[in-house]
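Read through the structure below, which is laid out as structure tokens, and then see the notes.
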Amino acid sequence: MADLSFWHWFALALGAWLTGLGKGGVPGAGIVTVAIFAWVLESIEGAKGVSLSVGLLLPVLVAADVVAVVIYRRYADWGHLFRLLPWTFLGIVGGYYFFKELSGDWLKVIIGIILLSMTALHFGKRYLLPRHAQSEKSPKIVFLWGVSLGLLAGGATMLANAAGPVAALFLIVMRLPKYAFLGTSAWLFLIVNVSKIPFMVDLEIISFQSMDVSWKLFFPAVLGACMGPWVARRLNQTMFEALVWVFIVVTGVKFLF
Numbered sequence: 247m248a249d250l251s252f253w254h255w256f257a258l259a260l261g262a263w264l265t266g267l268g269k270g271g272v273p274g275a276g277i278v279t280v281a282i283f284a285w286v287l288e289s290i291e292g293a294k295g296v297s298l299s300v301g302l303l304l305p306v307l308v309a310a311d312v313v314a315v316v317i318y319r320r321y322a323d324w325g326h327l328f329r330l331l332p333w334t335f336l337g338i339v340g341g342y343y344f345f346k347e348l349s350g351d352w353l354k355v356i357i358g359i360i361l362l363s364m365t366a367l368h369f370g371k372r373y374l375l376p377r378h379a380q381s382e383k384s385p386k387i388v389f390l391w392g393v394s395l396g397l398l399a400g401g402a403t404m405l406a407n408a409a410g411p412v413a414a415l416f417l418i419v420m421r422l423p424k425y426a427f428l429g430t431s432a433w434l435f436l437i438v439n440v441s442k443i444p445f446m447v448d449l450e451i452i453s454f455q456s457m458d459v460s461w462k463l464f465f466p467a468v469l470g471a472c473m474g475p476w477v478a479r480r481l482n483q484t485m486f487e488a489l490v491w492v493f494i495v496v497t498g499v500k501f502l503f
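Given below as structure tokens:
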């Protein structure tokens, strides 16, 4: 990663800031960072860079997660958190073994599929869920939601740091109020992302070399997380989300082909 140019650093810093905004309460901001980091590392390292981008991003996510927990720590719904966490951990373990068997080219395709799937999930939950979601959920239904979405979130976060839309779907289905949603998400991702570190070290996508880049991106990530509540109140959310999702779709299609 010694070949990072000014524009590479600019793109990575922008991605870190956006992931901070996402953690701070701006919907849709975080997922675009997966695409930005993958683009930058691929331009330097080729297909191998796509897998390295996953490890490069994780410490940046943790830095933003810490700020989000500080801001929203009092609002977590621990009942729903514990319904999701065990299955998310299982998904992480499954994603770890899957990651070990993938070449850089195949991981690029998988990340492309995940990005496009998360886009479909995002718009599906926005336009379809309100029509079909029930106001009350039986314990069995809640359990099944936790198992299925927890496993999916664990796999997506291990392979691409892209569990946000999956976890959001679970919390929306559970009808959490805004601040309970933000507090539960903050704790969930801090716990999950810290738990992924040993796996990514073993996969050699987190190293002293990658950390030398990651720690320099902590400041824009923390700044974004601190600015999140302020930006969320002033942002033209419709236009912002449109630009974010167009970029994600373009990246996903590019990675497939």
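So for the sequence shown, the numbering used here puts the first residue at 247; every next one is plus one. Where a beta carbon is used, it is the ideal one built from N, C-alpha and C, also for glycine.
Taking C-beta atoms as the reference points, residue 429 and residue 318 count as a pair closer than 8 angstroms. Excluding five sequence positions before and after residue 441, the CB atoms of its chain that fall closer than 7 angstroms to its own CB belong to 335, 338, given in chain order. When rounded, the separation of the alpha-carbon atoms in residue 503 and residue 324 is 42 angstroms.
Residue state for residue 408 is assigned as coil, using DSSP reduced to three classes. For residue 461, there is no enclosing alpha helix (DSSP H), as DSSP marks it with neither H nor E.
The DSSP-derived three-state label of residue 359 is helix. Separation of residue 397 and residue 500 (C-alpha to C-alpha, rounded to the nearest whole angstrom) is 27 angstroms. About 6 angstroms separates the Cβ atoms of residue 497 and residue 361, confirming a contact at the 8 angstroms cut-off.
Between residue 313 and residue 471, the C-beta spacing is below 8 angstroms. Nearest neighbour of residue 301 by Cα position, chosen from 452, 482, 415, turns out to be 452.
Cβ neighbours of residue 352 within its own chain (closer than 6 angstroms, five residues either side excluded): none. Between the C-alpha atoms of residue 251 and residue 484 there is a straight-line separation of about 32 angstroms. Its chain contains 411, 412, 415 as the residues whose beta carbon lies nearer than 8 angstroms to that of residue 367, once the 5 sequence neighbours on both sides are disregarded; these appear in chain order. When C-beta atoms of the region 287-305 are compared with those of the region 419-429, fewer than three pairs fall below 8 angstroms, so the two segments do not count as touching. Between the beta-carbon of residue 445 and that of residue 405 there is about 11 angstroms, and that puts the pair past the 8 angstroms contact cut. For residue 420, the secondary structure class from DSSP, reduced to helix, strand or coil, is coil. In the three-state scheme derived from DSSP, where H, G and I count as helix and E and B as strand, residue 435 is classed as helix. With contacts defined by Cβ atoms closer than 8 angstroms, residue 274 and residue 491 form a contacting pair. Between residue 495 and residue 365, the beta carbon gap of about 6 angstroms places them in contact (Cβ cut-off 8 angstroms). The C-alpha of residue 388 lies about 12 angstroms from the C-alpha of residue 327. Annotation for residue 347: the continuous alpha helix (DSSP H) segment containing it runs 324-347.
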